[in-house]
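One structure is given below, encoded as structure tokens.
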Amino acid sequence: MVALHSSFPPAQGLYDPTQEKDACGIGLVAQIRGIPSHSLILDALTILKNLEHRGAEGADSKTGDGTGLLVQIPHRFLKAATQKLKINLGEAGSYGVGMVFLPPDEKQRKEIEQWIERITSEESARFLGWRTVPVQSSVSGPSARATEPVIRQFFVESTQGARGLELERLLYVIRRRIEKVARSNSYFAIPSFSSSTLVYKGLLLPDQLQNYYTDLSDPAFESAIAMVHARFSTNTFPSWILAHPYRYLCHNGEINTLKGNLNWMKAREGNLVSQVWGEKMTDLLPVVAEGQSDSACLDNLLEFLILSGRSLPHAMMMLIPEPWSGNPSMDIDRRGFYEYHAAIMEPWDGPAAVLFTDGKSVGATLDRNGLRPGRYLITTDDRVILSSEAGVLPMKPSLIRKKGRLEPGKMFFIDTLQGRVIEDEELKAEISHQRPYRSWVAQHQIALDELPDPTNVAQPTHRRLTQRQRVFGYTEEDLKFILAPMAIQGEEPTSSMGKDTPLAVLSQRPQLLFHYFRQLFAQVTNPPIDPIREHLIMSLATSIGPKANLLGEAPEACRRIRIKQPILTNVDLQKIREIPGPNFKSKTLSLLCPVAEGAQAFDSHIQRLCSEASAAVREGYKILILSDRLTSRDLAPIPSLLAVAAVHKHLIDECTRPEVGLIVETGEAREVHHFACLLGYGAGSVNPYLAFESLTDLANNGHLPEGLDAVTAHQKYIKGVGKGLLKIFSKMGISTLQSYYGAQIFEAIGLGSELIEKYFSGTASRIGGLTIEQLGTETLKRHALAYTPEKLTTLEIGGDIHYRIQGESHQWNPETILALQHSTRTGNAKTFAEFSALADPDPNQIGPTLRSLLEFEFAAKPVLLEEVEPAKEILKRFTSGAMSLGAISREAHETLAIAMNQIGGKSNTGEGGEDPVRFNSPSNSAIKQIASARFGVTTEYLLSAQEIQIKMAQGAKPGEGGQLPGHKVDDYIAKLRHSTPGVQLISPPPHHDIYSIEDLKQLIFDLKNVNPLASVSVKLVSEVGVGTVAAGVAKAGADKILISGDSGGTGASPLSSIQHAGLPWELGLAETQQTLMLNGLRSRVRVETDGQLKTGRDVAIAALLGAEEFGFATAPLIVEGCIMMRKCHLNTCPVGVATQDPILRKKFSGKSEHLVNYFFFVAEELRVLMSRLGFRTVEEMVGRTDRLKVRSLESHWKAKHLDLSPLLYKPKASSNSKNTKKSSELDQILDQKLWSACQAALERKESFKAEFEVTNTDRSVGAFLSGQVLKKFGGAARAPVEMRFKGSAGQSFGAFLVKGISLELEGEGNDYVGKGLSGGRVSVLPPENAAFSAESSILVGNTCLYGATSGELYIAGLAGERFAVRNSGATTVVEGVGDHGCEYMTGGRVVVLGPTGRNFAAGMSGGIAYVLDEDTRLSSRCNLGMVELEELEDEDQKELLELVREHARSTKSRKAQALLDSWPKSVARFKKVMPTDYKRILAARGESAHV
Amino acid sequence: MSDPKGFLKSKRTEPQKRKPSERVQDWREFTLPVSDLGLKEQATRCMDCGVPFCQSGTGCPVENLIPDWNDWISQGRWREALESLHSTNNFPEFTGKLCPAPCESACVLGISDDPVTIRSIESSIIDRGFESGWVKPLVPTVRSNKKVAIVGSGPAGLAAAQQLARAGHSVTVFEKADRIGGLLRYGIPDFKMEKTVLDRRLWQLEAEGVAFRTGVCIGSDLSFSELQKTHHAVCLTIGAEGPRDLNVSGRDLGGIHFAMDYLIQQNRTVSGLPVAGEKITAQGKKVAILGGGDTGSDCLGTAHRQGCLEVFQFEILSRPPDARATSTPWPLWPMKLRSSHAHEEGGERRWSVATTGFRGSNGRVTHLQLIEVETGTKTELAVDLVILAMGFTTPTLGGINAEKNLKTDARGNIVVDARYQTSVPGVFAAGDAKRGASLIVWAIAEGRKMADAVQAHLQNSI
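If you read the sequences in order, they're chains U and G.
Each residue of the first sequence is one higher than the last, beginning at 0 in numbering that gives the first Met the number 0.
Each residue of the second sequence is one higher than the last, beginning at 0 in numbering that gives the first Met the number 0.
Here you go:
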């Protein structure tokens, strides 16, 4: 969550408090019939304590990140408590209670209190009195106490006798007015002010809350509803205010689209009209106060919508709609509801579990993708207990009536007045029918496709076209690598080996403004989405036109032009221009600027454009078209992005933005990234006319493949752009264009603060840079080149992607490659010095990277070279990059591992697993990577590691998954990855067990259980806020954090990701160092960096900026023979490095000696620099930015405007020392007991049986045991170990369980049951005396069996979302699964004896699933992209029967028994889900799946 | 886009040559045109490298966009290929026929396979261009009123002339010989490049406005100062003509000639031009060629065609290895044994042999006195004609230097700054005159770069 609060340190260096994030555990207890009780409060507090592991503690272990409780007004209690104070409260509901945080300073406090009293009396209300809330401050931690407010309650009643909604409105107006007066005080906040709810919260650990607020222990303190929240924040800065719950909701998740949402809210304040508020409206504005967390903002808006007259569920449906555009089976009226509201309100998008209440009804909703867990149970005495985890409140099985889970996009709702749970279907049907939304849409919306064809749209001559292309900086590369491939393949082009050209601001060539912007992406605090396999939640649908009053419900509010995606063809745009009548009247505004007026005129032309836009709005135009179509020798185009951002922002500031639609008609945009920028800064749709004209020209001249005519080429291009856009949204965790609009999900690099503040405010741009005038200069330079007479007929060759001597400079060029290869092959230090001279910045020229702009501040007294620690010590700090066996060849992978072991450094497996024969050999990779696909991640693999690295993101394509094409999956690769040769492999974008920081904490815990001796590192990619994420990662228990740069290589990646995503490591590393120092967390972790490190100089700078370990990848590959072909994705690497082709692999000529030479050269170079800098060890160097200074940048017309001082900032903060050792969490775990119980028996090779109790705080049960068993005995348990458990197990039950061990759980499991299962056996069954029906109750949580490689899992009940995701070999039987079952599965058997959710088998490329298709609707819930449904053959039936029998035996499942009882009939109802590729390959190989 | 696996599917095939027995009967070119299909296949072998070394400092000096035109050829897009080729190289027909192709020795495919046949593709593109009438004069639309003199009409001078004329300047090329072309005209035998190839290009230059003045030797026929006075810039592209001599006993005997004297005569003869002085011919003679380089090889081919009895070629250095020597790893220009078309036609090559003297009778050479460099063994060989092809030394500045005293380096080459300007302001130099005897492709490359510099100079001067 984005949060800004004054208790954070101010922005300094690269630290920015707006980047703070958090995640949490949430819980809810409600009495359905609304009967209040004190025991319900106690239950809620118990839940909170049991969620403690989801929260976090900071550097000060007594201070948590915040926790709180929301209850109904405890009238009986308050009445009694206020009587002593002579406050006379009326009956329940007749008064409001304000809970207020006040400054400890007496004078300040009094002043605010007086304000509160005065404002109350100014409204039609009566102030009744103050009550100081009794607290026990000693309970809280020192940092909490240092910022502790005075907490008081005040009481207010209406002078008019207002009740209910009317009273709430009155209290709302009073509160908004008070807030405006007192906001500047950092202690002040009003956690709640209502006649129906009351919030107790604070900067406390969950188990401190009850002792801190003594009120909570009073038996008279009663409620029928209680909501709790435990916060896990990335920072360690104390903040009382950021604790949840807020007034109406508490939230686990993150709103990714916040910037856009806030901008739109601000913009629509101009046309907010409501009879409810009348003139009071001005007191309420802004609706969403500035500088709050995303949850608080959402709470503000929800409150506003409810108090303005919409019902609670109605408002929630508007704010967090379920996916509707891609769901053909949705009820048409419900679709109508969403369509109608889409024109009024943009979704608040992001992973979210939201609990909400108005004190009478209470509900929960999950985002459309279901990325946060939520489990509930309903008791026989009408209580509902809902929480992030099951088992948080011990409950007798006999009392449980129903168990369930929150489902993606669905609402769970309890109306305590009606005294019942209202199902999603019923609730939404009622709301969808309260108005005729569907017919309103039909009446007032028009579809673009249905508009009549326009008058002629002309194509320019080739010569005129070429001239235009030159004006907009087109090169041959644009045609060859971008436009043509997109038109041919309908998707964005792929490339490989990273980016090694200069940052736009450091380039000598004129750059497009787009290229100063980098796409942001989700990491750790928020998962990216897979836009291909989870397409059902993604949407590009949108509409063009004005947006209506948020508070009204007029039929014509939805009057807009509906389009399927935001790219308009030249014909489309003409159609829009020709729509008759006033409703969609459009006006074209020119983006052209006379060349003669020079660069200094650019700003005034933007002003001109903005005032023209304002005038057009006033004149009643509904659509503005910003156009640069009429360029000429005398007229140059203003960068379209600048124009859009300026007009969008101007109209927002004027509060008129909702009144018009904004279309950009530009020749500039051609790459996906360009469109993403335009839409992200406010364009409603884009017409890239020149891209279309260029495609037409290619087609007309026969330069597209036969059969591809211009119109088809356009369509495929649009399709490709669309796919690319979805990928960019999904990287950030955003799923719809509607919420992406104006969301500004970018970071700028090289743009000055004046320019940013004026036109791109809210966008991070951390090292300054260009002004508007310099942007003008750049545009005019390009324009001048375009009109240089002799060059009119052809385009420049390019050279941005592939090196061209005439084109952009590249760090890897013939000279550097040659010098590196020759020096390391001959071991010649002199040649290596030549390499370094070429690779390091030229003293007379500005280099391509940020580090090239820095130089050393050498010591006055150097130390002798002999005194500098030896190379051998330094080499221990070197790692090689994570390159999977599969991406690179076996030869290249092993040679690298051998070399790293020889020098004492660490090689990294990459994400493709490793051959077990290497585990204890000289070619063992010290670092075992664990990535989203979990290829080959077995217990044995993890045990062979010195370090386990969790890859959260990858430099060349942060936020994206990967794909290993089938042609790279040979027998060997398939064996290591537990898949089928020849079948493509997909790595999902997210780790499905890491959707938030607390999830990461859990995975780290899993891994530490398996291998307590290995350190755990987390790989992040540099972007704004990475320092904050790193702080969270440190708090989650990681030992090392790797900050990867944007420029690293990769086997294959979309071109736009290589070029436009991620930031240089220098920024990320410096930000991480600074943020960890500020938080007092630096000493908890080691920090590594990588991203095109080549020479001793690079390493020295990385160390001085804060790194103590250093990763190398591209350079070692080049030493091994890579010559930067950029063909890894094609499997045609001619030097045998990045290919699996046996013929090409023979050409591999790399030798470990060459690599050893290389690393020694680098280390020796570093030593020389160390001696000159006056350091004896690397340890001494870390973070010593005082030894760096910025070079003179005057010689470069753009670079000279940069300000690199934030990079070198050194916070005055807590020590860097190594004293804050973390306590080992493993001492107290249940597995210690399990291991000591069975160890002796195993030593004697005797079987072992025992029983244990288990609770939800017992996490990763079996993982430690498995690690120990494997370590001690190798292979598997040497005699059967059978353990039975009773209770609710915590997350990761049975994770990484090895062969020979079976765990039986009687009760229930949480998320990740059987994660990484490695041969063990797990069964989960309901308690014997359960009152609920097992086969319709949820028994285990989400993401079970994730990444399992072998073993068995039996579940006598339902499982949550993503069951058996990435299973590659385990066998399982379950009685029903949620959405996305068997996703990305590559092997194993899954039997589902009941319902499946949506999107079953998405991305499934191997293994088989047998599904009992009870309602014969499996095919509609199955994602048939990669699988087909078949009838079972004899062999299948035989296998199925065996499995169902085994299930019945293991779990005593009634359902299984029933099926077996009528087997011939039962078996006929099963469908076989068979991956198409898998089937084809098996057939080709003449093999059967049943072996 | 072309097939990324093309290089795995086809092997390198060189263009066909006419049979040696047939081709030595005449003076026509020995290579045969390549079929479109064959060419396409060869172009598809290009891997479109991320870092094309053919384009690097160790590759093509004229910075040909090799991967790009290979791609176009593989798609049959000849015109784009031609346009691309001409964008970096004024005379691809010269380099296509005469260049030793450092691009090919730097070709990435050459690491573990045979490189792409870049040179023959280049040659075919331009041949197709001329055949199809695509090569047209590019007459400038705007004229600058600036006059530029170019001294010397070899490839460097012609490239500069064309570039500057196209930029709108009035360009005059001065040539001391009777015809334009320098070494291209009289140094290169017709069997390597027929003179019509040169003539058709000169026609284009003339049409673009380049004026040619032959038979004018600057420094004697026309003073250098005069030239400077009448032009805004002067470019010296006078080559490095001074031949390396062999000062041993008997050098003054008849029948011992410099290679260039020998080749010029034959070139004039083939062109039907009169030859002055003693006629040098190998017909019916035993011939010794001293020097194992390209010029020696040209002399060898000429001797075959003249009908020599027997011919020997001596090289003082030892025999290079058959494959790339380890001392010159990829992508460097490889030390290795090179055999030209002329060697296929006959003659005997000997390495590690130095000539210690000539013996003769009646004032004419009869014997060559030789010593084996490695063993010290001395032998004699009976010969009738000796051709000295041991390379070139310096530019012949003659009268120019008498007037201006241009700064030269230790080897006698003209010294220029980064903008190709000599020690005399407004006077520029490029090609062999500046870098010493080198490849045609370097001459073109430098001619172009000098032209850019001259262009900048003219723009800045008022």
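Built from N, CA and C at the ideal position, the CB exists for glycine as well.
As the structure is a computational prediction, the values presented were derived from the model and not from experiment.
Contacts that residue i makes with chain G (C-beta to C-beta distance below 9 Å)
{"i": "U/Y1516", "result": "Past the boundaries of the shown model lies residue 1516 of chain U; chain U is included only from 0 to 1490, so the question cannot be answered."}
{"i": "U/V1493", "result": "The structure shown does not extend to residue 1493 of chain U, since chain U spans only 0 to 1490, so no value can be given for it."}
Under 7 Å by beta carbon: chain G residues contacting residue i
{"i": "U/M485", "result": "Residues of chain G passing the Cβ test: none, with the nearest at roughly 12 Å."}
Partners in chain G for residue i, counting only beta-carbon separations shorter than 8 Å
{"i": "U/N812", "result": "V50 and S55"}
Residue i (DSSP reduced to helix, strand or coil)
{"i": "U/S1026", "result": "With the sequence shown as reference, residue 1026 of chain U is identified as Gly, and Ser is not the correct amino acid for it. If DSSP states are grouped into helix, strand and coil, U/G1026 belongs with the helices."}
{"i": "G/C102", "result": "helix"}
{"i": "U/G128", "result": "strand"}
{"i": "U/E795", "result": "strand"}
{"i": "G/H256", "result": "strand"}
{"i": "G/P242", "result": "strand"}
Below-9 Å beta-carbon distance, residue i vs any chain U residue
{"i": "G/P463", "result": "Any answer about residue 463 of chain G is impossible in this case: the structure gives chain G only from 0 up to 461."}
{"i": "G/L7", "result": "yes"}
{"i": "G/T87", "result": "yes"}
{"i": "G/M449", "result": "no"}
{"i": "G/Q74", "result": "yes"}
{"i": "G/D70", "result": "yes"}
Per-residue contacts from residue i into chain U (C-beta, under 8 Å)
{"i": "G/L64", "result": "I796, R803 and Q805"}
Residue i beta carbon near the ligand PLP (any heavy atom closer than 8 Å)
{"i": "U/R1484", "result": "Absence of the ligand PLP from the depicted structure is noted, as is the absence of any ligand whatsoever, leaving it without description."}
Residue i: contacting residues in chain U (beta-carbon distance under 7 Å)
{"i": "G/P3", "result": "K1126, L1129 and T1131"}
{"i": "G/E82", "result": "T793"}
Below-9 Å beta-carbon distance, residue i vs any chain G residue
{"i": "U/L837", "result": "no"}
{"i": "U/I972", "result": "no"}
{"i": "U/G1491", "result": "Residue 1491 of chain U is absent from the model: chain U starts at 0 and stops at 1490."}
{"i": "U/D1140", "result": "yes"}
Any beta strand (DSSP E) of 3 or more consecutive residues that is wholly inside the segment 1403-1467 of chain U: Runs found: 1405-1411 and 1426-1429.
Ranges of the alpha helix (DSSP H) found wholly within the segment 844-876 of chain U, counting only runs of at least 4: Listed in chain order, they are 870-874.
Name, going along the chain, the residues of the segment 89-114 of chain G whose beta-carbon falls closer than 7 Å to a beta-carbon of chain U. For the segment 89-114 of chain G, which is checked against every Cβ of chain U, the residues closer than 7 Å are V107, L108, I110 and S111.
Using a Cβ cut-off of 7 Å, which residues of the segment 814-833 of chain U contact any Cβ in chain G, in chain order? Listed in sequence order: E814, I816, L817 and H821.
What are the uninterrupted segments assigned as beta strand (DSSP E) that are 3 or more residues long and contained completely in the segment 616-646 of chain U, given in chain order? DSSP runs (the beta strand (DSSP E)) wholly in the segment 616-646 of chain U: 622-626 and 634-636.
Compile a chain-ordered list of the residues in the segment 1049-1060 of chain U whose CB is closer than 8 Å to at least one CB of chain G. Listed by position, the residues of the segment 1049-1060 of chain U near chain G (Cβ gap below 8 Å) amount to none.
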